[in-house]
Structure formats: structure tokens, C-alpha cells
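The block underneath contains the structure these notes are about, expressed in C-alpha cells.
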Amino acid sequence: MELFDTHTHLDAQQFDEDRERVIDNAVQAGVTRMINVGFNRETIPSTMKLVETYDFIYAAIGWHPQDAVFMQEGDLEWIASLCSHPKVVAIGEIGLDYYWDTSPKDVQHRVLRQQIGLARELNMPIVIHNRDAHEDIVKILREEKAGEVGGVMHSFSGSWETAKLCLNMGFHLSFGGPITFKNARVPKEVLAQVPMDRLLIETDSPYLTPHPFRGKRNESANVRLVAEAAAQIKGVDLEEIAQITTRNGLERFGIV
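Going by this note's numbering, the residue at position 206 of the sequence shown is 354; the numbering climbs one at a time, nothing skipped.
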């Protein structure tokens with residue numbers, strides 16, 4: 149069985165003491181591919197170091213909306229230059245975050261639009277971070293013609309109505325630890341309706357740890373728990389979910 153963790157942060161400081169062991173844990177759990185996400189001036193270089201070190205780790209790089217206010221002249225060009233690396237497979241995570249009040253909305257909007265424009269220029273998929281900004285995310289994706297490149301709605305938390313709008317623009321929906329929570333009614337209902345060929349799974353480790361380890365540090369190995377929950381919701385076996393989501397991830401990110 150092969151699993152694909154399509155969104156993780158293995159370079160996070162939470163793994164500084166045992167990063168190699170955590171990566172080995174994932175491999176032992178059947179995780180054959182991981183996408184590490186670099187999202188600011190500190191994590192983009194550490195992400196690139198990981199992809200140079202491990203042949204099964206790939207990169208998504210971009211500028212996170214929480215850090216949008218810190219984006220400087222030249223940073224977009226820097227990201228563009230790194231996108232020529234064969235293991236950089238997406239621009240992300242980019243998007244809007246209205247929960248954490250760290251960057252003004254107008255700045256978040258500008259930085260998001262710039263990065264969608266870069267993705268279209270380079271013909272690369274995007275990975276979207278959306279927290280409490282469903283209406284504006286859909287509006288900007290439409291206006292910037294993001295459907296021309298498509299991508300992934302990371303850790304999807306919106307309604308089925310929002311999901312349909314994203315699916316119609318060619319996006320995949322990715323689900324993580326929250327689908328294992330007893331009270332997570334909406335993401336479970338949405339996942340149940342997502343077409344199998346648009347479904348991805350992730351951990352977002354070290355965050356969003358699935359049950360029964362909620363409250364502890366998350367790891368990429370726990371993507372198996374996400375897969376088990378997705379299989380139960382979809383009414384199929386674990387092997388099928390693993391096969392389908394891995395194939396979807398490889399196709400979406402152009403990994404051979």
C-alpha cells in the first residue's frame with residue numbers, strides 16, 4: 149500500500165530533535181511521497197534542503213497569507229527562480245487567512261493575486277490556504293482565472309456549495325486530521341460527496357493531528373489514519389483510498 153501526504157511541514161522546528169526518525173516513521177507507514185510546503189523567507193530554503201536530501205519529498209513554495217505583509221520586492225522573482233527546480237511541483241501555500249489578524253486583507257489579496265499570476269505564467273498548480281475567507285477566495289480565484297492551472301484546496305473546511313465552486317474551477321480537495329474528529333460534521337459531509345478523482349489526503353504536520361493522537365504533534369505517518377477515515381466515509385476499503393489518492397496526487401502535481 150502506497151500513501152501520499154500531499155501537505156506537510158517536515159522542516160518545522162517541532163521536528164528539529166528527531167526529523168530523520170519522523171521521516172523514517174512515514175516510510176515505514178507506507179508513505180511513498182510527501183510534499184513539503186515552504187511558505188516564507190525562512191521555510192522556503194529549508195524546504196529546498198529537504199527535497200535535495202530525500203528523493204521522495206517534493207516541494208510547494210509560495211508566500212503564506214499570514215506573512216503577506218512581510219513580502220518584499222524581489223521575493224516573487226525569487227520564488228519564480230526556484231520553480232525551475234524539477235522537484236518544485238506547485239506554488240503554495242497561498243491564499244487568505246481571516247482568522248489570524250497578522251496581515252491586512254488588502255495586502256493578502258494583492259499577494260495572492262500576484263502569485264496566481266505567477267502560477268499562470270509558469271503553468272504550475274497552486275495550493276490554496278483558506279481560513280474563514282471562502283467567499284473572497286472563490287471570487288479571487290475566478291477573477292484571476294486560477295482554473296487555467298488548477299491546484300489543491302488544502303485542508304478543505306468549506307461547505308459543499310463552496311466545494312462545488314472549487315471543483316468546477318478544476319481544483320482538487322484535500323482533507324486531513326479534522327475528518328477523524330467526532331464533531332467535524334461538515335468536512336465529513338463534503339468528503340462524502342467529492343468525486344474520487346478529485347480527492348487528496350494530507351497531514352499538515354506538525355498541525356491538525358488526527359484522532360486518537362489529537363493534541364500531540366502530528367507526523368506524516370498519520371496520513372494513514374486520515375486514509376482510514378476517508379475510506380470509512382466513502383464506504384470503500386483502505387487499499388482503494390490509498391491507491392486513488394496517491395494516483396490523484398501524482399497526476400495533480402505531475403510527478404512520475
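Backbone N, C-alpha and C define an ideal beta-carbon position, used for all residues, glycine too.
Quick caveat, the model's predicted, so the values are computed rather than measured.
List the residues that DSSP assigns as beta-bridge partners of residue 206.
183
Which residues does DSSP list as the beta-bridge partners of residue 151?
179
So, for residue 235: in the same chain, excluding its five sequence neighbours on each side, which residues have a beta-carbon less than 7 Å away from its beta-carbon?
199, 206, 207
Could you tell me if residue 217 is buried or exposed, where buried requires 16 or more neighbouring beta carbons within 10 angstroms of its beta carbon?
exposed
Mind checking whether residue 371 and residue 179 have CB atoms under 7 Å apart?
yes
Name the two residues that bound the continuous alpha helix (DSSP H) containing residue 264.
253 to 270
Please say whether residue 347 and residue 393 have beta carbons closer to each other than 7 Å?
yes
Can at least three beta-carbon pairs, one atom from the region 256 to 267 and one from the region 307 to 318, be found at a separation below 8 Å?
no
When 188, 203, 181 are compared against residue 222, the one with the closest alpha-carbon
188
Given residue 174, which residues of its chain have a CB within under 8 Å of its CB, disregarding the five upstream and five downstream residues?
153, 182, 367, 368, 369, 371
Starting from residue 219, trace the alpha helix (DSSP H) both ways and give me its first and last residue.
Unbroken run through residue 219: none, as it is neither H nor E.
Round the Cβ separation of residue 224 and residue 209 to the nearest angstrom and send it over; I've been treating them as touching at under 8 Å.
In fact, because the Cβ distance is near 11 Å, the residues do not count as touching under 8 Å.
The region 270 to 282 in contact with the region 296 to 308 per 3-pair CB rule at 8 Å
yes
Could you pull the DSSP bridge partners for residue 239 from this structure?
209, 274
Could you tell me which of 157, 344, 176, 172 sits nearest to residue 197, measuring between CA atoms?
157
Can you tell me where the alpha helix (DSSP H) holding residue 194 begins and where it ends?
191 to 201
Output the distance between the C-alpha atoms of residue 245 and residue 324, rounded to the nearest integer angstrom.
18 Å
Can residue 350 and residue 212 be called in contact, C-beta distance under 7 Å?
no
In the DSSP assignment, what are the bridge partners of residue 290?
In the DSSP output, where bridge partners are listed per residue, residue 290 has none listed.
Can you name, in chain order, every residue of its own chain whose Cβ lies under 8 Å from the Cβ of residue 237, other than the five neighbours on each side?
183, 206, 207, 208, 272, 273, 401, 402, 403
In terms of alpha-carbon separation, which member of 283, 166, 251, 172 lies closest to residue 202?
172
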